[in-house]
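Take the sequence shown: its letter number 42 is residue 27 in the working numbering, and every next letter is one higher. Think of the CB as a built atom: it goes at the ideal place given N, C-alpha and C, for glycine as much as any other residue. So the structure is just underneath, and the comments pick up after that.
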Amino acid sequence: MSKPGLLLIGGATERMMERFEAEFTVTRKDDLNGTNDAIIAVATNGHDGVPAPIMAALPNLKVVSCYGVGYDAIDTAACNARGILVSHTPNVLNDDVANTAILLMLGVSRSVVRDDAYVRAGNWVAKGNAPLTNSVENAKVGILGMGRIGERIAEKLTVFTPHIQYHTRCPKDVPYSYSDDLMAMAADVDILIAIVPGGPATDKLINDDVLNALGPNGMLINVARGSVVDEAAMVKALQDGRLGYAGLDVFEAEPKVPEALFEMENVLLLPHVASATHETRRAMGDLVTDNLSEYLKSGQVLTPIPECQT
Ligand code: NDP
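Below, the structure is given as structure tokens:
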């Protein structure tokens, strides 16, 4: 019997390819040529999603397996309308994404990149001790988002500070103070960490007013999505000194990053790598393939997105 078809959008590791090819006939996106009736599954990622023309070219599509917990690039309404199951990779990346938030917070506050450059440039010998930096001990931290990753960030933060609050639309059963007002929370904290999904509901939630509330000594950490922050307003606030510091893993038009940020010593920039360790990416890849295998076995997926109605 011939194997069912799988369309691969974006990359896949060797390990994922082996598992895909054991169960499916794999077509890569660039090789898709018009309508394909044999393809029942798509493996994609949160950045590329499934573009509408591809959805239209796959009349028998039944399941989309997304490599990543964020799936804002996938048109979930269109999938629901066609009864297409969508899975993602929650939980397996919680620790590494939370570690990246902490890494950025410490890296910015202790000026790690600046001081590394100081040593390499011979300034320690030439100019003496590096300038002092800031401590995060007992800092007041606000977390925008208290889901799987937000809670893990909060747990890890308790090593540094007891002063943790969070903002979400609904309060959670967690031992941290709830704030129903993002701006009030930003005004009250030293460090604001964003870890909410992307998409219209969170678009530019961290706007100029929130940045002003965070203030000239405040630090913004974004490990969520670039769309969550008004990036132009953030760059301007940093330039004006209205916002003190930023640690950023994600950007509005990534991989393009506003060049104005390149000059700033009070900013740490990462190329969207919060989950990008060998260990976590392997676990994510396994979950992508496990979801597809499960679909072949039972017609269900292991980790459906919450919007899945089938
Ligand atoms: P969860 O769904 O577990 O948590 C999402 C949290 O965001 C919930 O607490 C939710 O609470 C809150 N939230 C959602 N919408 C809003 C809103 N409009 N205003 C305020 N709070 C809101 O997701 P995860 O913790 O697993 O992941 C969160 C996101 O992190 C992902 O969707 C992804 O975009 C990003 N991410 C980034 C990575 C990177 O590489 N930088 C890696 C992994 C994830 P409530 O519904 O009550 O508002």
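Give the straight-line distance between the Cα atoms of residue i and residue j, rounded to the nearest whole angstrom.
i	j	result
Ser50	Asp100	42 Å
Pro289	Glu248	42 Å
Val213	Thr187	5 Å
Leu43	Leu(-8)	9 Å
Ser96	Asp16	47 Å
Ala111	Thr118	20 Å
Glu(-1)	Leu78	20 Å
Ala238	Lys141	30 Å
Lys282	Thr274	12 Å
Arg154	Ala28	31 Å
Tyr103	Leu255	20 Å
Leu88	Thr146	15 Å
What span of residues does the beta strand (DSSP E) with residue i cover, start to end?
i	result
His152	Ile149 to His152
Val252	Val252 to Leu254
Please list the terminal residues of the continuous alpha helix (DSSP H) segment that includes residue i.
i	result
Cys64	Thr61 to Ala66
Tyr280	His263 to Ser283
Arg210	Counting along the chain, Arg210 falls outside any alpha helix (DSSP H), and DSSP gives it neither H nor E.
Arg0	Glu(-1) to Glu8
Ile25	Ile25 -> not in any alpha helix (DSSP H); beta strand (DSSP E) instead, spanning Ile24 to Asn30.
Are residue i and residue j close, meaning C-beta to C-beta below 8 Å?
i	j	result
Ser162	His152	no
Glu136	Val159	yes
Arg266	Gly55	no
Asn192	Asp215	yes
Gly53	Asn30	yes
Ser94	Val286	no
Gly232	Gly92	yes
Leu228	Leu253	no
Gly68	Asn21	no
His263	Val235	no
Below 8 Å on the Cβ atoms is my contact criterion, and I expect residue i with residue j to pass it. Report the Cβ-Cβ distance as a whole number of Å.
i	j	result
Val126	Leu167	Incorrect: roughly 14 Å between the Cβ atoms, too far for contact.
Asp57	Pro182	6 Å
Ser(-13)	Thr10	7 Å
Ala179	Val220	Not a contact, Cβ separation roughly 16 Å.
| task | Just list the beta strand (DSSP E) runs in the region 81 to 132, keeping only unbroken ones of 3 residues or longer that don't cross its boundaries, in chain order. | result | Entirely contained in the region 81 to 132, the beta strand (DSSP E) runs reaching 3 residues are, in chain order, 126 to 129.
| alpha helix (DSSP H) segments (min. 4 residues) lying fully within the region 166 to 203 | As far as the region 166 to 203 is concerned, its whole alpha helix (DSSP H) runs of at least 4 residues are 167 to 173 and 193 to 199.
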